[in-house]
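Enquirer:
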Amino acid sequence: MAGASERGTAPDIEVGVLGGLEVRVGGVPVAVGHARQRAVLAVLADEVGRVVPVDRLIDRVWGGRPPARVRSVLRTYVSNLRRVGATITWRDNGYLLAADPEGVDLHRFRRLLAEARASDDPGRALVVVERALALWRGEPLAELDTPWARSSREHLYRERGAAVADRVDWALGCGRHGDLVPELTTRAAEDPLDERLAGQVVLALYRSGRQAEALEHYGRTRRVLAEELGADPGPALRELHQRVLTADPGLLLPAAGPVVPRQLPAPPASFVGREAELERLDAVVEAAGRSATVVIPALAGEGGVGKTWLALHWAHRHVERFPDGQLFVDLRGFSPEGEPLDPAVVLWGFLHALDVPPARVPAALDARVALYRSAVAGRRMLVVLDNAATVEQVVPLLPGSASCTVLVTGRRRLSSLVDRHGAEHVQLDVLSRREARALLVERLGAERVAAEPDATDELIGLCGHHPLALAITTRHAVTRPSVALAELVAELRDLGLDVLDDDDPMASVPAVLSWSLRHLTAQQRTAFALLGVAPGPDIDLPAAASLTGVPPALARKVLRALEDHSLLDRHPHGRCAMHDLTRAYAAATARDDLDEPVRRAALDRVVDFYLHTAHAADRLLDPHRAPVRLDPPTPGTHPHPLADLPAALAWLEDHHPHLLAAQQTAAAGGRHQVGR
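What follows is the structure, encoded as structure tokens:
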């Protein structure tokens, strides 16, 4: 999706102050200068949307030691910040950072914390507060060492401490006392005077069936308070001690409700762009409230294009929508690990995650499907079916309740899932140039990218904006920091796909692309390979029929199958094209898997297609000129019929690059009579 600046408005700015200052403009990391200039932005971000008077701003940035002509220096800093994308305006007697408060991690932290505390559901509150705490990356306002900054840091640390304590209370309310005991006992050893923390330790131990240890911890806390402060524990801790002594049943949680599975893998470490696709997913799921059926966004795209990254990024960003749990499975539709997973095996795992005893899981697939749908009925859950091969693999895993959302990813366009179950198809393409550059900045740093702008642009072009190719290339750059990007570009230019290969199949573009071919028929695999060596930037149906030597009706089915497997893109006017890396792999497949006579015959047919169709067009353009005598076309060639002069002119204009490429192919193949 185009950045906001491309839509005619100022790009969104995101500022992180809960750690070293981080700034993104339009989703792209940017450098904002030296420490003092960064401090100016940090102060304005602290009060985003509010005017900060100049005197207050100077005091917070420089403390009691401002430089000479400090106001002039400040104006210079503000001007520099504006140039990198910060919208800073002068109002009355000060400066204002115009940005969405949600774009400043500090304000997002406080908003999420308030949302958690307003919830009466400890499970939802726990999810939200954990998102808030995840925003902390280190020392807040790290660029500043002024009295205001030190005071603000202390206040922020207290806010974070209160949030951590609240998180423990909500986790205890969700029955996670067993998981909390190691964390709480470690923290209590570091801060033995914190009575709230001591009470949480006592309660977690008691609920874990460790009453004696709970009483021992209380006694230890009482002794420390007496020795250090000369005081007894407060009323709340003394009451808890008494209830533990009497084994008060009220301390135990009510009978456990449904198990809440949380199976999502960790989100991608770095993620850039994809705003249009994220907005599309948001829109599809927003429709859930108005739908009477399960909402199913289906992400499709070629191997390595980032479907799983996008799905996990979106799922983690909206995990609070699904308080009753998240299920995840890699269906292995396209992977090096053998056959796709059987839905019956997947259902066994899902039912186990939903706390269904193994003895209750039936053997028959239909019975498992029914039990699974009963277990999730009415629950607000997300089910991520990653790497699906077929509709038949997906359908048994669909819940029957409209309260659930199912996110499917796969290389195939699961058309019948759209037709039969109302799925929303979302096609994922390669990154835009802007997104590709942002990925390089994210992985390599803004300075290294800015130092070699030409090499950066060529690297992006050679990788075809392909996410996996860019990730592999940046991995080479990260592990070889002394090597210039221009040198890596030269390797990529000279060696092509070989640079993007790896012993680890998950980090190899050729390996990832090869898995798509497993589900093709022999005829479809041959057509895929031949399309890699066909002349011209793309191909239409008549030319493809001659290339493959099959009737047009069958060629249409083959092209549609390749398109459904995300190996081919359909462009306007019926043209089909491959991504650059996919085409390079197809050409390599043609060289490795097809005999020379097969390749030669296919190229002879498609060259003859262009030759004879162009000859027919020439006869319509000048019927009175003496005709050029041609040999009969190679068997299996289907020249395109041209009805009249306008049709001939249109065909020649559309196919000019293909005719030039066919001439070069004929010359390279020694067919000089044809190539003249």
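Numbering (my numbering), first residue to last: 24 to 699.
Each residue gets a CB set at the ideal place from its N, CA and C atoms; glycine is no exception.
Mapping DSSP to helix, strand and coil, what is T571?
Expert: In the sequence shown, the residue the question calls residue 571 occupies position 548. Note: T571 maps to helix in three-state DSSP.
Enquirer: Would you decide whether K330 is buried or exposed? Buried here means 16 or more other CB atoms lie within 10 Å of its CB.
Expert: To locate residue 330, count along the sequence shown from 1; it is residue 307. That one is buried.
Enquirer: Buried or exposed, going by whether 16 or more other CB atoms sit within 10 Å of the CB of Y633?
Expert: Numbered from 1 along the sequence shown, position 610 holds the residue referred to as residue 633. That one is buried.
Enquirer: Leaving out the 5 sequence neighbours to the left and right, which residues in its chain are closer than 7 Å to T614 when beta-carbon positions are compared?
Expert: The residue labelled residue 614 in the question sits at position 591 within the sequence shown. The amino acid occupying residue 614 in the given sequence is Arg; Thr does not appear at that position. Closer than 7 Å at Cβ, skipping near neighbours: no residue.
Enquirer: Counting C-beta neighbours from all protein chains within 10 Å, is the total for P381 16 or more, i.e. buried, or is it exposed?
Expert: Against the sequence shown, residue 381 aligns to sequence position 358. P381 should be labelled exposed.
Enquirer: Grouping DSSP H, G and I as helix and E and B as strand, with all else coil, what is F132?
Expert: Taking the first residue of the sequence shown as position 1, residue 132 is located at position 109. Helix at F132.
Enquirer: Taking C-beta to C-beta, are L564 and R579 nearer than 9 Å?
Expert: Numbered from 1 along the sequence shown, position 541 holds the residue referred to as residue 564. Numbered from 1 along the sequence shown, position 556 holds the residue referred to as residue 579. It is a contact, given that the beta carbons lie within the stated cut-off.
Enquirer: Given that a residue counts as buried once 16 or more other Cβ atoms are within 10 Å of its Cβ, and exposed if not, what is P205?
Expert: By one-based count along the sequence shown, residue 205 stands at place 182. With fewer than 16 other Cβ atoms within 10 Å, it is exposed.
Enquirer: According to DSSP, W113 sits in a beta bridge with which residue or residues?
Expert: Indexing the sequence shown from 1 puts residue 113 at position 90. W113 is bridged to Y118.
Enquirer: Identify every residue that forms a DSSP beta bridge with G433.
Expert: Stepping through the sequence shown from its first residue, residue 433 is reached at position 410. Note: G433 sits in a beta bridge opposite A323 and A411.
Enquirer: To the nearest angstrom, how far is the alpha carbon of A321 from that of A666?
Expert: To locate residue 321, count along the sequence shown from 1; it is residue 298. To locate residue 666, count along the sequence shown from 1; it is residue 643. Rounded to whole angstroms, A321 to A666 spans 42 Å at the Cα level.
Enquirer: Taking all protein chains shown into account, do 16 or more other C-beta atoms lie within 10 angstroms of the C-beta of S539, making it buried, or fewer, making it exposed?
Expert: Against the sequence shown, residue 539 aligns to sequence position 516. It is buried - the Cβ of S539 has at least 16 other Cβ atoms within 10 Å.
Enquirer: Can you list, in chain order, the residues of its chain with a C-beta nearer than 7 Å to that of V512? Leave out the 5 residues immediately preceding and following it.
Expert: Taking the first residue of the sequence shown as position 1, residue 512 is located at position 489. The answer, listed in chain order, is A478, E481, L482 and L485.
Enquirer: P281 by DSSP, collapsed to three states: which one?
Expert: Position 258 of the sequence shown, counting from 1, holds the residue named residue 281. In the structure shown, P281 sits in coil (DSSP, three-state: anything other than H, G, I, E or B).
Enquirer: So, at 6 Å on beta carbons, what are the nonlocal neighbours of H240 in its own chain, with the 5 sequence-adjacent residues on each side left out?
Expert: Position 217 of the sequence shown, counting from 1, holds the residue named residue 240. Excluding positions up to five away in sequence, the list reads V224 and V225.
Enquirer: On the three-state DSSP scale, how would you describe G39?
Expert: For the purposes of this step, residue 39 is taken as the residue at position 16 of the sequence shown. In the structure shown, G39 sits in a strand (DSSP, three-state: E or B).
Enquirer: Which class does D477 belong to by DSSP, given the choice of helix, strand or coil?
Expert: Here residue 477 refers to the residue found at position 454 of the sequence shown. Three-state DSSP puts D477 in a helix.
Enquirer: State the start and end residues of the unbroken alpha helix (DSSP H) segment that holds L454.
Expert: By 1-based counting over the sequence shown, the position of residue 454 is 431. No alpha helix (DSSP H) holds L454; DSSP gives it neither H nor E.
Enquirer: Am I right that V63 and Y100 are in contact with their C-beta atoms under 8 Å? What's the rounded C-beta distance?
Expert: Position 40 of the sequence shown, counted from the start, is the residue given in the question as residue 63. Position 77 of the sequence shown, counted from the start, is the residue given in the question as residue 100. Indeed, because the Cβ distance is near 5 Å, the residues count as touching under 8 Å.
Enquirer: For F351, which three-state DSSP category applies?
Expert: Counting from 1 along the sequence shown, the entry for residue 351 is found at position 328. The answer is strand: DSSP assigns F351 an E or B state.
Enquirer: Using the rule of at least 16 other Cβ atoms within 10 Å of the residue's Cβ for burial, across every protein chain shown, is G559 buried or exposed?
Expert: Taking the sequence shown and counting its residues from 1, one reaches residue 559 at position 536. Burial call: buried.
Enquirer: Taking the continuous alpha helix (DSSP H) assigned at H200, which residues delimit it?
Expert: As a working mapping, residue 200 is identified with position 177 in the sequence shown. First-last of the alpha helix (DSSP H) with H200: H200 to E213.
Enquirer: So, do the stretch 108-117 and the stretch 148-164 have three or more beta carbon pairs nearer to each other than 8 Å?
Expert: No, they do not touch.
Enquirer: Specify whether the stretch 467-474 and the stretch 329-346 touch according to this definition: at least 3 beta carbon pairs, one from each stretch, less than 8 Å apart.
Expert: Taking 8 Å as the limit for Cβ pairs, the verdict is that the stretch 329-346 does not touch the stretch 467-474.
Enquirer: Let's test the definition: count the other Cβ atoms within 10 Å of the Cβ of L437 and tell me whether it reaches 16, buried, or not, exposed.
Expert: Reading the sequence shown from its first residue, position 414 is the one you call residue 437. Burial call: buried.
Enquirer: Is there at least one Cβ from chain B nearer than 9 Å to L335's Cβ?
Expert: Protein chain content of the structure displayed is limited to a single chain, and chain B is not contained in it.
Enquirer: Between T660 and D631, which are expected to be in contact by the criterion C-beta below 8 Å, what is the C-beta distance as a whole number of angstroms?
Expert: If you number the sequence shown from 1, residue 660 lands on position 637. If you number the sequence shown from 1, residue 631 lands on position 608. Indeed, because the Cβ distance is near 5 Å, the residues count as touching under 8 Å.
Enquirer: Mapping DSSP to helix, strand and coil, what is D592?
Expert: Reading the sequence shown from its first residue, position 569 is the one you call residue 592. If DSSP states are grouped into helix, strand and coil, D592 belongs with the strands.
Enquirer: Curious, which full-length alpha helix (DSSP H) runs of at least 4 residues does the stretch 498-557 contain?
Expert: For the stretch 498-557, whole alpha helix (DSSP H) runs of length 4 or above, ordered along the chain, are 508-518, 532-540 and 545-556.
Enquirer: State the Cα-Cα distance for the pair R160 and P281, rounded to the nearest angstrom.
Expert: Residue 160 sits at position 137 when you count from the first residue of the sequence shown. Residue 281 sits at position 258 when you count from the first residue of the sequence shown. Going by the C-alpha atoms only, they are around 34 Å apart.
Enquirer: Under 8 Å Cβ to Cβ from Q60, same chain only, skipping five residues before and after it: list those, please.
Expert: Taking the sequence shown and counting its residues from 1, one reaches residue 60 at position 37. Correct list, in chain order: Y100, N103 and L104.
Enquirer: With distance defined between alpha-carbon atoms, name the residue in L463, S426 and L97 nearest to D347.
Expert: If you number the sequence shown from 1, residue 347 lands on position 324. For the residues L463, S426 and L97, the minimum Cα distance to D347 belongs to S426.
Enquirer: Measure the CB-CB distance between V84 and L135 and report whether it falls below 9 Å.
Expert: Counting from one through the sequence shown, the residue named residue 84 turns up at place 61. Counting from one through the sequence shown, the residue named residue 135 turns up at place 112. Not in contact: V84 and L135 (Cβ atoms no closer than 9 Å).
Enquirer: Could you tell me the alpha carbon to alpha carbon distance between A625 and L523, rounded to whole angstroms?
Expert: To locate residue 625, count along the sequence shown from 1; it is residue 602. To locate residue 523, count along the sequence shown from 1; it is residue 500. Their backbone Cα atoms lie some 29 Å apart in a straight line.
Enquirer: Any idea if S95 is buried or exposed, counting beta-carbon neighbours within 10 angstroms, 16 or more meaning buried?
Expert: One-based indexing of the sequence shown puts residue 95 at position 72. S95 comes out exposed.
Enquirer: May I have the straight-line CA-CA distance separating G487 from H602, to the nearest angstrom?
Expert: By 1-based counting over the sequence shown, the position of residue 487 is 464. By 1-based counting over the sequence shown, the position of residue 602 is 579. Approximately 7 Å, taken between the alpha carbons.
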